[in-house]
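**Student:**
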Amino acid sequence: MEQKYTVGVDVGSTTVKCILLDEQGEIVHSVYDRHFSKVKETVCEQLKHIFSFYTGKFKIAMTGSAGLGLSTAAGIQFVQEVYAASLAIKKMYPDADCAVELGGEDAKILFLTGGTEQRMNGSCAGGTGAFIDQMATLLKVSGDKLDELALAAKNIYSIASRCGVFAKSDIQPLLNQGAALEDVAASIFQAVVDQTVAGLAQGRQIKGKVLFLGGPLHFYKALQNAFTKTLGLSEENAVFPDLAPCFMAYGAALYAARNAYWEDPKDILDKIFNSKPNESVFSSQPLFASREEYDEFIKRHSRADVERQDIATYSGNAYLGVDAGSTTTKMVLLSDEGKILYSHYTQNVGRPLDVVSDKLKELYKLMGDRIKIVSSAVTGYGEELLKSGLKLDFGIVETVAHFTAALEFCPDVDFIIDIGGQDIKCFKIKNKAIDNIMLNEACSSGCGSFIQTFANALGMGVAEFSKLGLFALHPVELGSRCTVFMNSSVKQAQKDGAGVDDISAGISSSVVKNAIYKVIRAKSPEELGKRVVVQGGTFLNDAVLRAFEKELNMEVVRPAIAGLMGAYGAALYAKKKSKGKSDIITPEQLENFSYKSVNINCNRCTAHCSLNVLTFSDGRKLISGNRCEKGLGKKESDILPNLYDYKYNLLINGIKNTAVSPKAKVGLPLCLNFYEQLPFWNAVFDSLGFETVISDESSRKLFLSGQHTIPSDTVCYPAKLVHGHVLNLLDKGVDFVFYPCESYNIDEDHSDNHYNCPVVAYYPELLRANTAELNQDNFVYPYIDMNRPHNIASAIVKSLAKYKIKPREAEKAVEKGFAALKEFHSAVVKKGQELISFARERNLPIVVLAGRPYHIDPEINHGVQKLIASLGVVSVSEDAVSDFADTPALGVLNQWTYHSRLYRAAAFVAGQKDMNLVQLVSFGCGIDAITTDEVRAILESRGKIYTQLKIDEISNLGAIKIRLRSLLAAIE
Amino acid sequence: MEKKHVQFTADMRKTHTILVPDMLPIHFKLIIKVFEKYGYKMELLQNSARAVVDEGLKNVHNDTCYPALLVIGQFLDALKSGKYDPDKTALMISQTGGGCRASNYLHLLRKALEAEYPQIPVISLNFSGLEKSPGFKITLPILFKLLDAVLYGDLMMLLYNQCKPYEKSKGETDKVLAECEAKLAEKLKKGGFGKRKKNYKMILDAFSSIKRDNKRKPRVGIVGEIYVKYSPLANNHLEEFLIREGCEPVVPGLMDFVLYCTVNNINDGRIYGFKNTVTRVSSLLYKILLSLSRKLNKTVVAYGGFDPMDDFEQLRKEADKLINQGVKMGEGWLITAEMGCLAKTGTKNIVCTQPFGCLPNHIVAKGMSRKVKEEYPDANIVAIDYDPSATNVNQENRLKLMIANIREN
C-alpha cells in the first residue's frame, strides 16, 4: 500500500524549516537550513532530500514570511505563521499559557489562556534574529561564540531596546571604550529581551507556562537565560522545546493534514520550481549604462590623489594622525612636506586600542632611528581612549579633522560629505570656514557598516559586493528610513526574486538617499554649491559614489584616500600645531603596554553612571561613561552652572505640604507637562488641604517597572516613562493619582493656537486603558482648559466629589495655583538672566538648550546640560529667554504652546552674538518634524548654526558630544 | 505672524486648474464636479507610481507623517510630469485646524514648492476659518452640494463594499459605480443633484441589480487615520486585498468625520463650560447633519438587502464607554468609537490603519485596543503601520494573521 505523509515548510526571512509527518501524525523527519536568500532553491533541495527517503503521496502547506509569496506563486496552501504556531502548540503543549517566538525578522507573542491574543512586532522593532547576527559580525565572532561570551558575563550594560539601530549606537561606544566582550554580548541578548517584552507584551504580563520558539531562542543559551530571568519564570514554567526551530513547520504540517490534498512529490516540486516571482519590486535605473561610462567615471576620479613617499627612503620628522572611528581604525604618517609615508585602514574589531598599539609597533619598526614622530593627533569615537592610552598629543573632534583634510585637498570646497561606518557628517563651507554642520541622527546611523555586515553575511567582502552592483540592471528600491527597514526590504526583494547585484546597487542608493534626504535635506544640488568633496570609507565603494552623483545629478571629488581623511586631517592638524616634540608612547614603553578594564558605578550623584575604568600598565587610569565631571573627581564649585539642573531642583524641592491633617494623599506623577505645572497643582492641592506626593525621580529602573503597560512602542521616551511614575505613586500609597487631560495649554498670546501635543494632551486616557492597577477611584483625570480658571475649579469640584470641595475653595485654590506657577516661571527667568550675566562676565559662550519642560528630566536628557558645562559653556533653557522676543514670521501654523516658545527662543538667540541654540528633540516627536526645520530657518537666516540633538532611551552621549564639539569648533 | 505666500485670486478661477490629491476616490470625484459647476477648473490626481513616494521623501522632512509625504509627493510628481503649466496651476489641500500635524500639511506643501514653483498658489480647504483665498469661496450653495456629495459618496462606498466581494460577474460592481457617478455628474451639470430621495433610490436600485452570491463572507472593518484609511495609494489597496482574501470590507463613511468635527466644537463648550457663536452654530449644524445622515441610513434600512452604517449618536455613546469625547486631535475618539461600534454590531475583525508614528493614534488606536478588547473579548484587531519604507510583506503578513484568526473563531 502506498505511504502517505504530510509536509510542513516554514520559509522564514533567513531560514527554511521542513517537517515530515507520517499517517499517525508522528514526526519522522525535520530539516533546518539557512537559505542565504535563495529561497526557492533551498525549499526545493529540502523537499528533494525528503522525497529521496520517503515515497508515496504528500500533503503540503507552507508558512513563514517568505513562504507567503512563494506559496501564492506556486499554488500551495499557505498558513500564517502565528496561526501555525498556535496549531502546533495546541497539539503539543495544550497546557501552555503563553508562547514567545523570535525569528530572523519578526517577533511574535501568543497569549493562549485568559483571552487568546496574538501579536507581532511593530514595523520599527523588526529584525530580532538579524540583529543578533549583525551584532555578532560587529564583534567579529560567530553566533555560537557570542552566546558563549554572554554566558561568562559579569555585568549587563543598559542598551537601548527600541530597535537594532539604536542598540548598535549604544554598543559601538561600549566596544570603543574597551568594555569586556562578554559583558557586551550579554547586554545584546538582554536588549533583545527588553525589546520583546516592551514591544509585544504591551500591557499584558507574560506569565504561567511559557513556550519559547524559533531559531534564536533555541540556539542561544544566554538568550534563554535572559528571558527566564527577566520574566521571573521558574524552571518548569520556562519551556524550550527541542522542536523550537521547526515549530511553525510542524504547525504548517498539521494545517496541511487538514486542508491540503494528496499530491505526487514530482508535482509539488514542479509547482515550486516553476513558480514565477511576483513583479512588484520597485526598481530604478542602472548605475552605469555602459562599460565606457564606468571607465570614464573611474578615470575622472583617479585624478584626486595625494603624493606619497616610501617610508624606507625618508628620514626626518614625521606627524602621526589616528582616526579611531566607530568600526574602523585609520592611521596616517606625514612627512615634513606633507607626503604620506604610511597609512593604514583596518576594522577595529571592537578593540581599537589593541589594533592601534599593534600597528604602532609595526610603524616604529619601519621608522627605525631615521624617522621621529614629533607631533601626533587622534580623532574619532576612540579619541579619549587612544589619547590617554598611547599618550598622543592632541585630541580633535572628527568634524575638524575631516574638514582640515578636505580643505587641503580642494581649497575652494563648498560642501563636504563624509559617510563613515556609523555616522554621516556634512559641512557647508564659506570663506574656508565651516558655515554649517549637518550630522545624522540615531535613526540614520550605521548605514556604512550595514553594507559591510550585509556583504559579510553573504560571504563576500565589501569591495566584491559593491562591484556587483555597478552594472545591475534593476537596482531595487529599499527605502531610506533606517537599516532595520532596509534590511527587511532586502528580505522582501530577495523573496521577490531580486538578485544580489540588484540588491547591492539598491543598498548603495538607499544609503545615499538617507544621506541626502534625511541628513543634508537638500532639495536641489545648487544648495550644496559647486565644489563638493565626498569622503569616508563608504565612498570608496564606487556604487555609493555613483549613486550619489546620480541622485544629485552632479560631479563630485572623491579623494583616493577617502577612507583615510579623518586620520589625514588629524595628521595635518598635528603638523600645524606641532610643538617640536611629541609625548607619544616610546617604542620601549609600547613593548610593555597593557591595560585592564573594570566597571564601577559612580556614587557621586543619583544618576549612578556606570563608569568604565581602564588601568594602563604604567598605573595611569582612564575613566569613561561619566556624564558629568563629578565622575572624574572634579569639585562641585569648579563645574559651570546650567539652568536645567536649577529648574529641576527648584521644581522638586519646591513641593509644599502645609496641611496639618491632610484630607488625603494626592499623587502627582513627575512626567510630561507636570515638569511645568507641578507648582500649580501642588499649590492647588495644598490650598485644598491635601498632601502632595510626587513620584520618584525618573530612572531606567522606574521605566522598566512600567514597561509592560506601554501599548505603542513608537511613542516618545518621555511618554514611556510616565507608566513607571504612575505605578510608583500607587506603590507609595497615595489615595489617588491626579493627572488631568489638557487639549489646550496656556495661551501665551504669541501663536495661532495653543494646543498641547496629542501625547501630552491625552496620555492619562492611555494610562487608564492599559494599566490594570488603575481604577476610577485611584486615578482622577478630568478634562481641563488651563485658560479657564473657572473651568479648572469646577472640574476639581466635580472630579473630587468624594472630598466635598466647595466651589469657592476651589476657585481660591486655582488662584493660588496660578500665583505659584508665575512665581516658578519668574524664578527661572531670573536665574536665567543671572547665568547669562555670569557667562558674559567670564566671556564664556552661552547655549540655549531648547526643548520642552520635560527635557529637564535627567533620565530624558541623559545629562546633556552637564556635558555642555564640561565643554566650557553655560546653558539656559528655552523658557528663560522666550519672553524676550516676538514670534518671527513663520512658514508653518504655530499652534502648540511649548513649540511656539522654540520659535521665540530661536528669534532671541539669532540676535545675540555670544549665544547659540541647541534643540533637544525626543525620538518619535512627530511635531518636531515641523518645528526643527522652522527653528533651523530662523537661526540660519541670521547666520547661526542650527544644532539638533535627538535623544531617546539611548544613554550614550558620544554622538551628542561630537555634535556639540563640532558646533563649538565652528563658532570659534 | 505668517510668511507671505502667493494668493489664489479671483482671476485665477478662469485661468488656473486646481489639482486635488486622491484621498477618497469615490467622494472626491463628486466633490470636484461640484466645484466645476461653480466655475472652478479642477482635477483629481491619480498618479501613483513610486515616484510619488520619492518626491515626498525629497521634499518633506522624512519624520513627517506618511499622508503628508504622499499628498505632497503626488502634487510634485504631477507638476514635474510636464502635464500642467505651472503658471496656470493651483493646488488644494484640506486643513482642519486640529492639534495634530495635519493642519500643517498646507505649510509643508508651500515649503516644498518654494524653490521650484514659487508662483503656484495653494488653497486651504477648511471650514474653520483658518485661511482664506480671495478667489476661492465656499458659498452656501456650494456647501450644500458638497454635503450631498459626501452623502452620495458614503452611500456608494457602502454599497460597493457590500456588492464587490459577492458579485457573480466580475467587474459588474465597478461598472455600476461608474454609472451612478456619471448619472450624478450629469444631473449636477444640468442644474443640481435634485431630490436626495430619488438619487438614493437610483443608487440603491443600481447596486441591488448586481447579481451576488448569498454566502456571507467575514466582515472586516477599516478604521484609522483618515488618509491611510481611505486612500488606496496610502494603504496599498487595502480594500482590494481584503476582498481578494475573501472578506467583506466595512469602511465607515466620511460623514462620520464631518459630524465628529462639528460635534467637537459643541463638546469643547460642554467640557470647558462656555458658549459662543462657534458652539451655537455647531449645535445647529450638528442637528442638520445628523438628521441628513440618519435619513440616509433609514433609506438603506427601508430598502432592504444592505446593511446600514452605524448611527453617529451610537458612536458617541460608544465613545463615552471607551474613551472621552474630549480626545479630539486627529480622528480622536472617533477611531476608538468606530472600533467599539464595529465590534458591537458584528464586525469583530478590524484593521486599524495608521501612518508610522502617528501621534494621536498612540492614544486612540493602539492605546485603546486593549480597552476595546476588554469590552468585546472576541474583537480581532490588527494595527498596521504605513510608511514609505515599510514592506508590503510585513503588512500583508499581519493582515493574514488577522484573517487566520477569523477562520479560527
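These protein sequence lines are chains S and Y, in that order.
Sequential numbering from 72 applies to the first sequence in this note's numbering.
Sequential numbering from 2 applies to the second sequence in this note's numbering.
In this text, a Cβ means the ideal position worked out from N, Cα and C, and glycines have one as well.
Which two residues bound the contiguous beta strand (DSSP E) that contains proline 356(Y)?
**Tutor:** It spans 350 to 356 - the beta strand (DSSP E) in which proline 356(Y) sits, taken as one unbroken run.
**Student:** Going along the chain, which residues of its own chain have a beta-carbon closer than 6 Å to the beta-carbon of lysine 803(S), five neighbours each way excluded?
**Tutor:** Once the five neighbours on either side are set aside, the close Cβ partners of lysine 803(S) are Val764.
**Student:** Quick one: give me the first and last residue of the alpha helix (DSSP H) that cysteine 518(S) is part of.
**Tutor:** 518 to 528 is the span of the alpha helix (DSSP H), which, as asked, contains cysteine 518(S).
**Student:** Can you give the Cα-Cα distance for phenylalanine 474(S) and isoleucine 467(S), rounded to whole angstroms?
**Tutor:** Taking the straight line joining both Cα atoms gives about 11 Å.
**Student:** Let me check one thing: in DSSP terms, what residues is asparagine 683(S) bridge-paired to?
**Tutor:** Paired residues: Asn670(S), Ser695(S).
**Student:** Taking contact to mean at least 3 C-beta pairs separated by less than 8 Å, is the region 447 to 454 of chain S in contact with the region 631 to 644 of chain S?
**Tutor:** Because the criterion of three Cβ pairs below 8 Å is met, the region 447 to 454 of chain S and the region 631 to 644 of chain S touch.
**Student:** Comparing C-alpha positions only, which one of Leu1039(S), Val427(S), Lys410(S), Leu478(S) sits nearest to methionine 402(S)?
**Tutor:** Among Leu1039(S), Val427(S), Lys410(S), Leu478(S), the Cα nearest to that of methionine 402(S) is on Val427(S).
**Student:** Let me confirm a value: glutamine 355(Y) is counted as buried when at least 16 other C-beta atoms fall within 10 Å, else exposed. Which label applies?
**Tutor:** Buried, since its Cβ has 16 or more Cβ neighbours within 10 Å.
**Student:** Taking the Cβ atom as the reference point for each residue, do valine 947(S) and alanine 977(S) lie within a distance shorter than 8 Å?
**Tutor:** The answer is no: Cβ separation not under 8 Å.
**Student:** Could you tell me whether the Cβ of arginine 1069(S) comes closer than 8 Å to any Cβ of chain Y?
**Tutor:** The structure shown does not extend to residue 1069(S), since chain S is modelled only from 72 through 1043, so no value can be given for it.
**Student:** Would you grab the beta carbon distance between leucine 358(S) and lysine 621(S) for me? Rounded to a whole angstrom, and I think it's under 8 Å.
**Tutor:** So it is a contact: roughly 7 Å between Cβ atoms.
**Student:** With H, G and I counted as helix, E and B as strand and the rest as coil, what does DSSP make of arginine 602(S)?
**Tutor:** Coil, per DSSP.
**Student:** Among Asn48(Y), Ala91(Y), Gly358(Y), whose alpha-carbon lies nearest the alpha-carbon of aspartate 12(Y)?
**Tutor:** Nearest option by C-alpha distance: Ala91(Y).
**Student:** Quick check on DSSP: helix, strand or coil for isoleucine 211(Y)?
**Tutor:** Here isoleucine 211(Y) sits in coil by DSSP.
**Student:** Tell me the rounded alpha-carbon separation between isoleucine 694(S) and alanine 297(S).
**Tutor:** Approximately 29 Å, taken between the alpha carbons.
**Student:** At what residue ranges does the region 74 to 161 of chain Y contain a whole run of the alpha helix (DSSP H), taking only runs of 4 or more?
**Tutor:** The qualifying runs are 106 to 115.
**Student:** Got a sec? Which residues, its chain only, sit under 7 Å from tyrosine 39(Y) by beta carbon, not counting five neighbours each side?
**Tutor:** So the list reads Ile143, once near-sequence residues are dropped.
**Student:** Measure how close the beta-carbons of arginine 105(S) and threonine 126(S) come, nearest whole angstrom, since I'm counting them as under 8 Å.
**Tutor:** No, arginine 105(S) and threonine 126(S) are not in contact; Cβ-Cβ is about 28 Å, not under 8 Å.
**Student:** Thinking C-beta only, is lysine 128(S) closer than 8 Å to glutamate 73(S)?
**Tutor:** Yes. Within cutoff.
**Student:** In the DSSP assignment, find the unbroken beta strand (DSSP E) run with aspartate 407(S) in it and report its ends.
**Tutor:** Neither: aspartate 407(S) is in no beta strand (DSSP E) and is coded neither H nor E.
**Student:** Report yes if the C-beta distance between serine 520(S) and aspartate 494(S) is below 8 Å; otherwise report no.
**Tutor:** For serine 520(S) and aspartate 494(S), no; Cβs fall outside 8 Å.
**Student:** Would you mind stating whether isoleucine 508(S) and phenylalanine 498(S) have Cβ atoms separated by less than 8 Å?
**Tutor:** Contact flag set, yes.
**Student:** Can you tell me the Cβ-Cβ gap for asparagine 419(S) and threonine 400(S), rounded? I've got them flagged as a contact below 8 Å.
**Tutor:** Between threonine 400(S) and asparagine 419(S) the Cβ distance is about 4 Å, and since that is below 8 Å, they are a contact.
**Student:** Using a 10 Å radius around the Cβ and a threshold of 16 neighbouring Cβ atoms, would you call histidine 120(S) buried or exposed?
**Tutor:** Counting Cβ neighbours within 10 Å, histidine 120(S) comes out exposed, since fewer than 16 surround it.
**Student:** Is aspartate 567(S) helix, strand or coil when you go by DSSP?
**Tutor:** Note: aspartate 567(S) maps to coil in three-state DSSP.
**Student:** Where does threonine 1018(S) sit, in a helix, a strand or coil, going by DSSP?
**Tutor:** Correct three-state label for threonine 1018(S): strand.
**Student:** Looking at the unbroken beta strand (DSSP E) that takes in valine 190(S), where does it start and where does it end?
**Tutor:** Note on residue identity: the sequence assigns arginine, not valine, to residue 190(S). Unbroken beta strand (DSSP E) run through arginine 190(S): 188 to 191.
**Student:** Roughly how many angstroms separate the alpha carbons of leucine 961(S) and phenylalanine 202(S), rounded to a whole number?
**Tutor:** Rounded to the nearest angstrom, the two C-alpha atoms are 42 Å apart.
**Student:** Rounded to a whole number of angstroms, what is the C-alpha to C-alpha distance between leucine 412(S) and glutamate 662(S)?
**Tutor:** The alpha-carbon atoms of leucine 412(S) and glutamate 662(S) are separated by roughly 23 Å.
**Student:** With three or more C-beta pairs closer than 8 Å as the rule, is the region 316 to 326 of chain S touching the region 284 to 292 of chain S?
**Tutor:** Yes, the region 284 to 292 of chain S is in contact with the region 316 to 326 of chain S.
**Student:** What's the C-alpha gap between lysine 401(Y) and alanine 890(S)?
**Tutor:** Their Cα atoms are separated by approximately 57 Å.
**Student:** Taking the DSSP output, what are the residues bridged to threonine 450(S)?
**Tutor:** DSSP, once it has assigned bridges, lists Asp394(S), Ile467(S) as partnering threonine 450(S).
**Student:** Give me the residue from Ile124(Y), Lys374(Y), Ile289(Y), Gly358(Y) with the minimum Cα distance to alanine 338(Y).
**Tutor:** When each option's Cα is compared against that of alanine 338(Y), the closest is Lys374(Y).
**Student:** Of the residues that make up the region 784 to 806 of chain S, which ones have a beta carbon closer than 8 Å to any beta carbon in chain Y?
**Tutor:** Hits within the stretch, in order: Thr785, Val786, Ala790.
**Student:** Evaluate phenylalanine 124(S) with the Cβ neighbour count: other Cβ atoms within 10 Å of its Cβ, from every protein chain shown; 16 or more gives buried, anything less gives exposed.
**Tutor:** So phenylalanine 124(S) ends up on the exposed side.
**Student:** Counting only Cβ-Cβ distances shorter than 8 Å, please list the residues of the region 719 to 747 of chain S near chain Y, keeping chain order.
**Tutor:** Against chain Y - using a Cβ distance shorter than 8 Å - the region 719 to 747 of chain S contributes no residues.
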